[in-house]
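Enquirer: If you're matching them up, the sequences are chains E and U in order. Each step along the first sequence adds one to the number in numbering that gives the first Met the number 0, with nothing skipped, and position 46 is 45. Each step along the second sequence adds one to the number in numbering that gives the first Met the number 0, with nothing skipped, and position 8 is 7. All residues carry an ideal CB built from backbone N, CA and C; glycine is no exception. Before I ask anything, here is the structure I am working with.
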Amino acid sequence: MILTASATIDQLDERDRGGKRQPMLIADKLKKYFPIRGGVLQRQIGEVKAVDEVSFSVLKGETLGIVGESGCGKSTLARLLMNLIEKDAGELIFDGDPVGGVRGITLRELRRNMQMVFQDSYSSLNPRLPVQDSIAYGPRVHGMDKATAKKLAADLLDKVGLRAAMFGARYPHELSGGQKQRVNIARALALNPRMLILDEAVSALDKSVEAQVLNLLAHLKREFNLTYLFISHDLNVVQYISDRVLVMYLGQVVEIGPVDDIYNAPRHPYSRALLESRLSMDPAERVTEPPISGDPPNPINPPSGCRFRTRCAFAEDVCASRVPALGAVSNKDHFVACHMASAGSGHSKAGLAH
Amino acid sequence: MTDVNAQLADFAGKEASPPVRGYWGSVANRLRYDYVTLFFLTVILLIVLISLFAPLLAPFDPTKSSMAYRMKPVGFRNFMLGTDELGRDMLSRLLWGGRTSLLMGLVPVVLATFIGGMLGVLAGFLGGWVNTAIMRTMDVFYAFPSVLLAVAISGTLGGGTKNGMVALTLVFIPSLCRVAESATTQVRGLDFVEAARASGASTLSIVQHHILGNVLGPVFIFASSLISVSILLGSGLSFLGLGVEPPTPDWGLMLSTLRSGIYVQPLVCALPGAAIFITSLSFNLVSDGLRQAMDVKA
């Protein structure tokens, strides 16, 4: 299997700036609140805390999976990282260089190094452009001449498994969903990025096509020396493709760690509930009780303290009064934001193994 | 795993599909089998050619009057379609009149498409207060019935072909602006625009490569439906004495001056009206055909 390749890159990329140990991307306390306006004067009457102080890093050459319920801020986070929407606070550091700072790299540079594959393969391609032109558009914007860009687009089409001579001149409506998603991947690769954000990139595909595209992604990752940020609500796919997993709940990181640790021994009650909600192939293992019930609380007025406490079976007074911080558990790469995991937090189960 | 690509290529290659045809290619293909539209397109072409070559085709000078031959019936001597109230040859006047009527139909629509389309794309793409400023201004114009607005504007500017065209242009701008704005707003939120931004493209480049191509279709369809409206409104203005000034031949004006003779030579008096009817009907049906051929979701 290709996916078991080590998380760190062996050979050094000539585009590398920060060295092997420098994470590819560091997000530091990213924050995005969407204002809610109302009334005659359109005054701000509240805000949706879509992404609230999210910090994490993506290591070079790894695949970091991000999971969470719908509406937990996964896609907002992806758009924040791409700077498609402006962040309210926080910092992005790409390979050691702060983004947009005086000494750092420019937004334009960041976008050349980091590209995104969108979920909806239908709306993510211009219906009036042949797919080859859609792929060549990015390089053209960055000053590549027409002939070279066209050649590059043809090469990339071949790389994603679409014969350029056959598909290059076609329009999006003449392609299937899987083929369109391949074109989307080719377009994202056209600027020769070092990192790809895959926002539900395979979620809309049917299972057999999904598997092909996942294999293609794994293959491209090796060929182009890529780092992936893989956002999905499909826990099985995330387990399959990721090296590390980040669990989000209501705009915050609740747990982050190596994929096996999270999937075998989740420490946060939410991660556990999420993993238990997966369907089993074995009828004997059939789940009759929902592991978690109800909708997530309203992000306009999130619960005090731990945001998960309203749906948590272990909630105690301390959970309402104090916000749990991300703290390391047994394994130093594994962090969880739960009072039960931090000794001396005041929770009755704190420090107990569970 | 090295042959992943080869396998994929193989798989993708098996899905054969019909020959590659671009958007406009597929529109042309659909039109090819739409015989009604093709017929009326031919009619329009004929009208345009006839108007263009009016000086060669007209048997008489359209402004030369003769007191002896006033209000003669169809087929009277050399006057194939009779004469009007000043004894001028109807056929020559109808041929020449097509020029002004077609100009009245096309020029305001083209100008309004350009101006209204630009404003609409601007409002739709920039959004925010720019959108509010442009669209609310358009709403003010929208509040008046179009005929009333055209009469009011050309009445203020004074008569004449040029002022009539200006009035009609102003009347058409708001509706075209609205069509362009809604199409742009729709496209702006789609992922491929986000993807273009993510690749570092400038606003101008995004509008040029990704917005305009998608807005052009709906705007074009709507504009083509306005041509017949414009011909009718232009004729209406001339009828009221606000458009073309006599003795320049114009279908609307002819209808107006001939109305006193309706009991003497009803057929002759109805001819300019018939010309207006056929022309605007043709434009309307062709516009409908275009809509059907173009309004296909890609």
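Considering only C-alpha positions, which residue in the set 237/E, 38/E and 73/E is nearest to residue 50/E?
Expert: Of the listed residues, the one whose Cα sits closest to residue 50/E is 73/E.
Enquirer: Please name the residues in the segment 184 to 209 of chain U whose beta-carbon is closer than 8 Å to at least one beta-carbon of chain E, in chain order.
Expert: Within the segment 184 to 209 of chain U, the residues whose Cβ lies closer than 8 Å to some Cβ of chain E are 189, 190, 191, 193, 194, 195, 196, 197, 198, 199, 200, 201, 204, 208 and 209, listed in chain order.
Enquirer: Which residues, taken in chain order from the segment 79 to 96 of chain E, show a beta carbon closer than 9 Å to some beta carbon of chain U?
Expert: Those would be 81, 82 and 83, in chain order.
Enquirer: Counting pairs of Cβ atoms below 8 Å between the segment 223 to 243 of chain U and the segment 279 to 292 of chain U, do you hit three or more?
Expert: Because the criterion of three Cβ pairs below 8 Å is met, the segment 223 to 243 of chain U and the segment 279 to 292 of chain U touch.
Enquirer: Listing by chain order, which chain U residues have their CB less than 8 Å from the CB of residue 303/E?
Expert: Those within 8 Å of residue 303/E in chain U number zero; the least Cβ separation is about 35 Å.
Enquirer: Can you pull the chain U neighbours of residue 205/E, defined as C-beta to C-beta under 7 Å?
Expert: None at all; the shortest Cβ gap to chain U is about 14 Å.
Enquirer: Hey, is residue 122/E's beta-carbon within less than 8 Å of any beta-carbon in chain U?
Expert: Yes, residue 122/E lies at the interface with chain U (some Cβ there is under 8 Å from its Cβ).
Enquirer: For chain U, check one thing: does any of its Cβ atoms lie closer than 8 Å to the Cβ of residue 137/E?
Expert: Yes, contact with chain U.
Enquirer: Mapping DSSP to helix, strand and coil, what is residue 76/U?
Expert: Residue state, collapsed to three classes: coil.
Enquirer: Compare the Cα-Cα distances from residue 51/U to each of 269/U, 102/U, 149/U and 122/U and report the closest residue.
Expert: When only C-alpha atoms are compared, the closest one is 102/U.
Enquirer: Return the CA-CA distance between residue 267/U and residue 83/U, expressed in angstroms with no decimal places.
Expert: Going from the Cα of residue 267/U to the Cα of residue 83/U covers about 8 Å.
Enquirer: At what residues does the beta strand (DSSP E) containing residue 227/E begin and finish?
Expert: Its beta strand (DSSP E) spans residues 226 to 230.
Enquirer: 8 Å is my cut-off, CB to CB: does residue 114/E come that close to chain U?
Expert: Yes, its Cβ sits closer than 8 Å to a Cβ of chain U.
Enquirer: In terms of residues, what are the limits of the beta strand (DSSP E) holding residue 88/E?
Expert: Its beta strand (DSSP E) spans residues 88 to 93.
Enquirer: Grab the span of the alpha helix (DSSP H) containing residue 185/U for me, first residue to last.
Expert: Residue 185/U -> alpha helix (DSSP H) spans 160 to 187.
Enquirer: Report all residues from its chain with a CB closer than 8 Å to the CB of residue 212/E; omit the five preceding and five following residues, and keep chain order.
Expert: Taken in chain order, the residues that qualify are 177, 180, 181, 184, 200, 201 and 204.
Enquirer: Beta carbon of residue 319/U, beta carbon of residue 232/U: below 8 Å?
Expert: Lying before the first or after the last residue shown, residue 319/U is absent from chain U, which here runs from 0 to 297.
Enquirer: Please classify residue 123/E: is it buried, with 16 or more other beta-carbons within 10 angstroms of its beta-carbon, or exposed?
Expert: By the neighbour-count rule (16 or more Cβ atoms within 10 Å), residue 123/E is buried.
Enquirer: Given residue 188/U, which residues of its chain have a CB within under 6 Å of its CB, disregarding the five upstream and five downstream residues?
Expert: Here the set comprises nothing.
Enquirer: Compare the Cα-Cα distances from residue 186/E to each of 136/E, 174/E and 168/E and report the closest residue.
Expert: For residue 186/E, the nearest C-alpha among the options comes from 136/E.
Enquirer: Which chain E residues sit within Cβ distance under 8 Å of residue 22/U?
Expert: Chain E residues near residue 22/U: 126, 127 and 170.
Enquirer: Among the candidates 291/E, 311/E, 299/E and 320/E, whose CA atom is the shortest distance from the CA of residue 45/E?
Expert: It is 299/E whose Cα lies nearest to the Cα of residue 45/E.
Enquirer: Interface residues of chain U around residue 141/E at Cβ under 7 Å?
Expert: 199, listed in chain order.
Enquirer: Are there 16 or more other CB atoms within 10 angstroms of the CB of residue 120/U, so buried, or fewer, so exposed?
Expert: Burial call: buried.
Enquirer: Taking all protein chains shown into account, do 16 or more other C-beta atoms lie within 10 angstroms of the C-beta of residue 170/E, making it buried, or fewer, making it exposed?
Expert: Classification of residue 170/E: buried, given that the 10 Å Cβ count is 16 or more.
Enquirer: Check the Cβ of residue 212/U against every Cβ in chain E and list those closer than 9 Å, keeping chain order.
Expert: Per Cβ cutoff of 9 Å: 125, 126, 127 and 128.
Enquirer: Would a check of beta-carbon distances place residue 20/E closer than 8 Å to chain U?
Expert: Output row for residue 20/E: interface = no.
Enquirer: Please list, in chain order, all residues of the same chain as residue 37/E whose beta carbon is under 6 Å from its beta carbon, the five residues on each side excluded.
Expert: Closer than 6 Å at Cβ, skipping near neighbours: 44.
Enquirer: If I follow the unbroken beta strand (DSSP E) through residue 30/E, where does it start and stop?
Expert: Run containing residue 30/E: 24 to 37, per the beta strand (DSSP E) assignment.
Enquirer: Would you call residue 60/U buried or exposed, if buried means 16 or more other Cβ atoms sit within 10 Å of its Cβ?
Expert: Result: exposed.
Enquirer: Would you mind reading off the limits of the beta strand (DSSP E) that contains residue 48/E?
Expert: Note, residue 48/E: beta strand (DSSP E), 42 to 57.
Enquirer: Indicate, with yes or no, if the ligand MN has a heavy atom lying under 7 Å from the CB of residue 65/U.
Expert: Among the components of this structure there are no ligands whatsoever, and the ligand MN is therefore not found.
Enquirer: Could you tell me whether any Cβ in chain U is nearer than 8 Å to the Cβ of residue 12/E?
Expert: No, its Cβ sits nowhere closer than 8 Å to a Cβ of chain U.
Enquirer: Alpha carbon to alpha carbon, what distance is there between residue 85/E and residue 159/E?
Expert: Their Cα atoms are separated by approximately 32 Å.
Enquirer: For residue 276/E versus residue 66/E, is the C-beta distance shorter than 8 Å?
Expert: Their beta carbons are not under 8 Å apart, which means residue 276/E does not touch residue 66/E by this criterion.
Enquirer: Mapping the DSSP letters down to three states, classify residue 291/U as helix, strand or coil.
Expert: The answer is helix: DSSP assigns residue 291/U an H, G or I state.
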